[in-house]
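Beneath this line is the structure, given in structure tokens, with notes to follow.
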Amino acid sequence: MKFALFLGCNIPIRLKQYETSSRAVLEALGVNLFDIADFNCCGYPLRNVDLKAFVLSAARNLALAEKQNLDLLVLCQCGYGTFRMAAHLMKEDAGLREEVNGILAKEGLRYGGDLQIKHLFTVLSKDIGVETIRGKITSPYRGLRIATHYGCHALRPSNIVQFDDPFAPSLFDRLVEVTGAESVDWPARLDCCGAPLLETNDELSFDLTQKKLDDAKKAGAHYMATGCSFCQIQFDAIQKRIASERGTNNQLPAILYPQLLGLCMGIDKGVLGLEKHQIDITGIVSYLVAPQPVESA
Amino acid sequence: MIYSIFLYTALAVFAIGMVYRVSGWFQYKIGPASEGIPTSRRISAAARGITATLFSGKIRTLLGVFFTDVLWQRWLLKEDFLRWLAHMCMYGGFVLLLLMHGLDKLVTAVLFDNYYPTLNPFVFLRDFFGLVVIAGLALAVFRRYFLKAPRPKSTGVDAYAIVILAVIMISGVLLEGTKIVSHSRYQEMVEEYSGLGEDETADLKALEAYWVDKFGVVSPSVKGPFDKKTLEAGKALHNMSCESCHSRPQWGFMGYTVAKVVKPVALPLDRANVPVLFWYLHFMACFVGLAYLPFSKFFHIFATPVYLMVDAVMKESESDPANLATLEAMQLDACTHCGQCTIRCSVAVAFYEIANPNILPSEKLAAFRTILSGRGLSKRPLTAIQEGSHICTDCGRCTDVCPIGINLEGLWFNLNRRLAEVGYPKPEAWARKAMAAEYDPAKMQEKPLSLTPADRGFAGGLTGSAQANTFSVCFGCQTCTNVCPVVGMYENPKEILGLLPHEIMHALALKQKALALGSTMLWDCVTCYMCQEHCPQGVRVTDVIYELKNQALKHLKQRAA
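These protein sequence lines are chains X and V, in that order.
Note that the first sequence covers residues 1 to 297 in my numbering.
Note that the second sequence covers residues 1 to 561 in my numbering.
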């Protein structure tokens, strides 16, 4: 199994641990990852500004992966949604695709529409399978309660992103439960994290984040689990900022799913980047049945 | 006389320009920490800092940086070999030419007792260094304009640099070539140095024959082939009067090639005084280059090494904040406009669709410099910088690849901060207010709405994508509004958001673009697609909202223009 790994703009600079933990987990599960240094912005932030620039930006990345004859594995859910949407728009509108390809031709690229676009969770649950993952778990969690944050752009619009049932999704919960943790049921789990409004309307962005955090906390979660760079930053760095700006002190730490999984597969804590969060998550190791078997080298 | 006037004028302009440019380093305020530190304090801090550094162990660091980074340019070598090679050829060749040839009276003549520009090895070296520069120029032109360079990053400043260098080099070669064949030049030399009188015709002829034969002079009267005896007589005279300061012109291989080429037309060229023309062209080009240097891309010859060395001996935690502010300002001039940042920029691809050069980091930097220089910018360029600057995703790649290590990310952060201060924040936040003010729904509610749309252009609906037109099947069930997490945040959402999602769809169905565009809801939409997912009619509510945002931003851009 081999994919072109798409990291996007956020992960390499603000969320390196998402990359290192994903690489470690995928390697342990026998997935080969190919890096394309020439990848650019997925296009997501451009959608507000100019639809065509958004499609073009996404298409260039898709064309680069196609050139390598590889399917695309995306870590960020906003990036995943963006690629799916752009591919859909170009499939729907041949004129748009030709226009985009006309521009890509200047760089010797062409988007044909043949590659598959997959999110990390899709690869884990469908290509690899929960049972395979179960076989790799050396020390499951006990008594750990996780709130799964699904992420809007992976889930909706469902006809285009084709990720899971948009009203009652279960893919992420199954991935969490295979680690031995309990996935709590919480009303706001399908809601937005608040990240898209940062810098446009910070107050509203913070309110939305706070609402989700309160809700997850009320449902008894110990940690929030995410699979998107924007959501993770919102629940980590921005949660910390909210706490300091608003004087709240009711934190719910957020963990990236590959970190959660990697720990119970016995992957080194340092590789998973547990200590790289703004809000400490290192305490999660205490929920492992056998305390971390592999210590930092 | 003319030469001196031009030389001193050029030097004066150069000196004033340098003072002007360097003064910017002590004036520009980039980071928040630089606010409140006056220029005088920055200058005195710099003087103290320089003195302290020169008399400390840091002098070794400075020397190290000077050799590895300034002279050898290892950062460029690491980034791109071809680029390094081109740059080394141009800068190395030019510096050597300048020292040996341009400043010969000050340098070469002092170092070598028997220096004459017409003697070897100087004849050969001059052409050799010139060839090295020309080769570098050719490589640079090839790289910039012919090799895969998908993103337009070469601008007038780059073209000027290449053109002025090329003019200096080529005029020099042409000057040398036409001088070799020039008979009048030969005559002047004979009169001055041979010691032969006008009546010594046989000797004069013999010497001229020798020079026509061996030195490429084209004479109107003396033409070959010559017999051995004449040449021997000529050689004897040559050895006596000329040899001590004249090597064979073949050593100046480029000039000699030109001499060979122009040989058939050498006499008319000489009569038309063409060598003098080339001489003017050559020194004028040099003086223009010198005078304009502080204002051109060539200012980096000075600014970049200074920045590299200063940066190497400063530490954010230890250095005087006044000096850190100066270092920060120096970054803008240290940029060589090499374009590496733009090549690797994550959002540069958007430039194909949104023709705003401020998207590209190499151009955005120049825009930042213009803002800081205090030249009042009008609404239009500021709107363009605002758009370009906020398309950036802060991915930090530009900083990673900058060959001289400019903290570009830091500059962008401060550029955005400054733009926000003068009323140009993130376009979405800006549009949220500007659009609501322009299309205030509260005011519109008092006016009767016309059912025949005033805006014909919009009557056709939303044109950006097929799915945006789905608003027309909305039957007003309000599901979208009921599931909207943003609407759910407020007691009285209409007060805050203007039109709610179902109302936006309804306004569009009534072709009331103004109502839809003025709704704050557009900008407070989190794009969670909850509305679209739940719509029983398949209206692409979120996609419609996206499209409206595109139109609003485009509208604001046009309004600024």
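Here a beta-carbon is modelled for each residue, glycine too, at the ideal position from N, C-alpha and C.
Which partner residues does residue i have in the DSSP bridge list?
| i | result |
| --- | --- |
| X/M224 | X/A147 and X/A254 |
| X/K2 | X/N32 |
| X/L288 | X/Y141 |
Assign residue i to buried or exposed, taking buried as 16 or more other Cβ atoms, counted over all protein chains shown, within 10 Å of its Cβ.
| i | result |
| --- | --- |
| V/R456 | Bear in mind that the predicted position of V/R456 carries a pLDDT of just 47, short of 50, making it too unreliable to give a figure here. |
| V/A459 | Note that V/A459 has pLDDT 41, beneath the 50 cutoff, so the model's placement of it is unreliable and no number is given. |
| V/M240 | exposed |
| V/K228 | exposed |
| V/I59 | exposed |
| V/V19 | exposed |
| V/L82 | exposed |
| V/Q331 | buried |
| V/A15 | exposed |
| X/F3 | buried |
| V/R559 | exposed |
| X/R189 | buried |
| X/L204 | buried |
| V/K513 | buried |
| V/V258 | buried |
| V/A12 | exposed |
| V/D333 | buried |
| V/L111 | exposed |
| V/L54 | exposed |
| V/R562 | The displayed coordinates of chain V run from 1 to 561. Any statement about residue 562 of chain V would go beyond what the structure contains. |
| X/A87 | buried |
| V/S40 | exposed |
| V/A291 | buried |
Please state the DSSP three-state secondary structure of residue i.
| i | result |
| --- | --- |
| V/L324 | helix |
| V/L510 | coil |
| V/H337 | coil |
| X/H119 | strand |
| V/V276 | helix |
| V/T393 | coil |
| X/Y18 | helix |
| X/Q278 | coil |
| V/D543 | helix |
| V/R559 | helix |
| V/V107 | coil |
| X/T209 | helix |
| V/Y490 | coil |
| V/L553 | helix |
| X/H153 | helix |
| X/C193 | coil |
| V/M100 | helix |
| V/D270 | helix |
| V/Q467 | helix |
| V/K235 | helix |
| V/L377 | coil |
| X/M265 | coil |
| V/S519 | coil |
Our contact map puts residue i next to residue j with C-beta atoms below 8 Å; I'd like the distance itself, whole angstroms only.
| i | j | result |
| --- | --- | --- |
| X/G194 | X/Q77 | Going by Cβ atoms, the distance from X/G194 to X/Q77 rounds to 14 Å, so no, they are not a contact pair. |
| V/S378 | V/P275 | About 50 Å separates the two Cβ atoms, so there is no contact after all. |
| X/K136 | X/A290 | With 8 Å as the limit, X/K136 and X/A290 do not qualify as a contact, their Cβ atoms being about 15 Å apart. |
| X/N61 | X/N32 | Between X/N32 and X/N61 the Cβ distance is about 19 Å, and since that is not below 8 Å, they are no contact. |
| X/E66 | X/L115 | 5 Å |
| V/C531 | V/C480 | 4 Å |
| V/G224 | V/Y256 | Rounded, the Cβ-Cβ distance is 17 Å, inconsistent with contact. |
| X/T20 | X/V285 | So it is not a contact: roughly 17 Å between Cβ atoms. |
| V/V173 | V/M254 | 5 Å |
| V/A45 | V/A322 | 4 Å |
| X/H119 | X/V74 | 6 Å |
Please indicate yes or no: does the CB of residue i lie closer than 7 Å to some heavy atom of the ligand NAP?
| i | result |
| --- | --- |
| X/L15 | This structure does not include the ligand NAP; it has no bound ligands of any sort. |
What in chain B is Cβ-close to residue i, meaning under 9 Å?
| i | result |
| --- | --- |
| X/V123 | Annotation note: the requested chain B is absent from the structure, which comprises protein chains X and V. |
Just to confirm the assignment: which complete alpha helix (DSSP H) runs, minimum length 4, are found wholly within the segment 117-197 of chain V?
122-141, 156-181 and 183-189
Segments assigned alpha helix (DSSP H), at least 4 residues, entirely inside the segment 25-97 of chain V:
39-54, 58-65, 74-79 and 81-97
3 or more residues per run - each beta strand (DSSP E) lying fully within the segment 60-119 of chain X
71-74 and 117-119
Taking the runs of the beta strand (DSSP E) that are 3 residues or longer, which of them lie wholly in the segment 163-191 of chain X?
none
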